[in-house]
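S.K.: According to my numbering, the sequence shown is numbered sequentially starting from 5.
Glycine included, every Cβ here is placed at the ideal spot set by N, Cα and C.
These figures come from a predicted structure and were not determined experimentally.
Supplied in structure tokens, the structure appears directly below.
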Amino acid sequence: MQWHERIGRRLKLRDLHILLAVMQHGSMAKAAAALAISQPAVSKAIADMEQTVGLRLFDRSRHGVEATKYGRALVKHGTAIFDELKQAAQELDFLSDPTVGELRIGSQESMAAGVLPAIIDQFSRQYPRVNLTVAQAVFATAHYRELRDRSIDLLLGRMFQPFDEDDLECELLFDDQPVIVSGNDNRFVRSRRLELADLAGEQWLLPPAHSVPGASIAEVFRASGVAMPRTPLATLSIHLSLQLVVTGRFLTMLPGSILRFGGKNWRVKILSVKLPVLPRPVAIMRLRNRTLSPVAQAFIDCAKITTRATRAA
């Protein structure tokens, strides 16, 4: 029997919807409650699907159900099917009214503190009725997981090098060079020819050593032949670091885009220190085989326009 006879004609979207609910809740009873249907209806739908595909999709026990490898495979593709349907509905809405829609964006904190507000400011002026949701993405633990789970549409951040993710595509925006930042009253502000070694004895606010930003900064110090400085506070919070840096007592190292796009909001200065590291590319990343909605494409286009001056610099 051909696949279209075994699955294409027999498997319904309602069945897939029930399958995803059972997988999510780990119980047919809980899935039935969530879907507001009877438990026998859920059990019958799962049994019918197993008969259709000729494979067991769930292992049953008194504690609930657990998907087999066949069930997990079907759930994976079922999720993609519903996601594509959602994208199609959004595209139809956008075509009927190009000013509306919704978009979910994942962003590193460094992007949210710098370039992302500038992009959103321009985008929201052009599309004021598009609903944006921004979620913080921590690359040290996520590593593009939110994109692959389809919980976000686009991911804005500095790329890992080399970028060898076969299932992802990226739109390069600009190269981000790290800079050393102090408060306006810091004694090094007027110095024009500084080396990193000149600042080794100062108090620094840096990310935790085990984090991706912390490892990147440690590489800068190693490349300069300078030992890691004293750090009275280790934090990933850029907002907290800048609040303390403005006192003039501390130094920190940040992506230059934070100061380029958001520096006017802080009483801080970039110190004149040449760092022996290459800039890190910043990009918008997305799933390769996922339909790109018109709203997502409009956001990418706006991001390119907003950061064009940075690319030229």
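(1) Do you know offhand how far A227's Cα is from P280's?
(2) When we look at the beta-carbon of R162 and count the other beta-carbons within 10 Å, is it buried (16 or more) or exposed?
(3) Report the rounded CA-to-CA distance for I304 versus L120, giving the unit in angstroms.
(4) In whole angstroms, give me the CA-to-CA distance for S42 and Y148.
(5) So which of I156, H21, G68 has the shortest CA-CA distance to I85?
(6) Let's see if you can read the secondary structure: which residues bound the beta strand (DSSP E) around M257?
(7) Please go through the stretch 149-185 and give each complete beta strand (DSSP E) segment of 3 or more residues, from N-terminal end onward.
(8) Does the pairing of the stretch 101-114 with the stretch 57-73 give three or more beta-carbon distances under 8 Å?
(9) Near V286, what residues of its chain come up, given a Cβ to Cβ distance below 6 Å and the 5 sequence neighbours on each side ignored?
(10) To which residues of the same chain is T235 closer than 6 Å at the C-beta, ignoring the five residues directly before and after it?
(11) Rank F254, L246, Y74, D171 by C-alpha distance to the C-alpha of L263 and give the top, closest one.
(12) Check each candidate in D168, I309, V224, L158 and name the one with the smallest Cα separation from A141.
(13) What is the C-beta distance between I123 and A307, in whole angstroms, given that I count them as a contact (C-beta under 8 Å)?
(14) Within a Cβ cutoff of 8 Å, which residues of the same chain sit near M229, ignoring the five residues on either side of it in sequence?
(15) Taking L160 as the reference, which of A139, E169, D168, D170 has the closest Cα?
(16) Assuming M32 contacts A71 (C-beta within less than 8 Å), just tell me the rounded distance between them.
(17) Assign A316 to buried or exposed, taking buried as 16 or more other Cβ atoms, counted over all protein chains shown, within 10 Å of its Cβ.
(18) So, helix, strand or coil for G105, using DSSP?
(19) In chain order, which continuous runs of the alpha helix (DSSP H) of length 4 or greater are located wholly inside the stretch 209-279?
(20) For T311, count neighbouring Cβ atoms within 10 angstroms of its own Cβ and tell me buried if that reaches 16, exposed if not.
(21) Hey, how far is the Cα of H243 from the Cα of I221?
(22) So what's I288 in DSSP terms, helix, strand or just coil?
(23) Could you compute how far the alpha carbon of L24 sits from the alpha carbon of R284?
(24) By DSSP's criteria, R64 is part of a beta bridge. Which residues make up the other side?
(25) Tell me, to the nearest whole angstrom, how far the beta carbon of S186 is from that of V249; I am working on the premise that it is less than 8 Å.
(26) Would you please state the rounded distance, in angstroms, between the beta carbons of I109 and L136? I believe it to be under 8 Å.
(27) Would you call the CB atoms of I288 and E175 closer than 8 Å?
M.R.: In short:
(1) Each residue's Cα considered, the two are about 6 Å apart.
(2) Flag for R162 reads buried.
(3) Rounded to whole angstroms, the gap between the alpha carbons of I304 and L120 is 12 Å.
(4) Distance between the alpha carbons of S42 and Y148: 37 Å.
(5) That would be H21, whose Cα lies nearest to the Cα of I85.
(6) 255-259 is the span of the beta strand (DSSP E), which, as asked, contains M257.
(7) Counting whole runs of 3 or more residues, the stretch 149-185 contains the beta strand (DSSP E) stretches 158-162, 172-180.
(8) Taking a cut-off of 8 Å for Cβ pairs, the stretch 101-114 and the stretch 57-73 do not touch, as fewer than three such pairs fall below it.
(9) Result list for V286: R162, L177, F178, D180, in chain order.
(10) Hits under 6 Å: W208, L210.
(11) Comparing Cα positions, the closest option is L246.
(12) Of D168, I309, V224, L158, the smallest CA-CA separation from A141 is found for L158.
(13) Indeed, because the Cβ distance is near 5 Å, the residues count as touching under 8 Å.
(14) In the sequence on display, residue 229 carries Gly and not Met. Hits under 8 Å: A201.
(15) The residue from A139, E169, D168, D170 with its alpha-carbon nearest to that of L160 is A139.
(16) That pair is no contact at about 12 Å.
(17) Unreliable positioning characterises A316 in this predicted model, as indicated by a pLDDT of 49, which lies under 50. The coordinate reading is nonetheless provided below. Flag for A316 reads exposed.
(18) Reduced to three states, the DSSP call for G105 is strand.
(19) Every unbroken stretch of the alpha helix (DSSP H) spanning 4 or more residues and falling wholly within the stretch 209-279 is given here in chain order: 216-227, 242-249, 260-266.
(20) By the neighbour-count definition (other C-beta atoms within 10 Å, threshold 16), T311 is a buried residue.
(21) Their Cα atoms are separated by approximately 18 Å.
(22) Taken through DSSP and simplified to helix, strand or coil, I288 comes out as strand.
(23) Straight through space, the alpha carbons of R284 and L24 are spaced by roughly 39 Å.
(24) BP columns for R64 point to V69.
(25) Between S186 and V249 the beta-carbon gap is near 6 Å, inside 8 Å, which marks them as a contact.
(26) That pair is a contact at about 6 Å.
(27) Going by C-beta atoms, I288 is nearer than 8 Å to E175.
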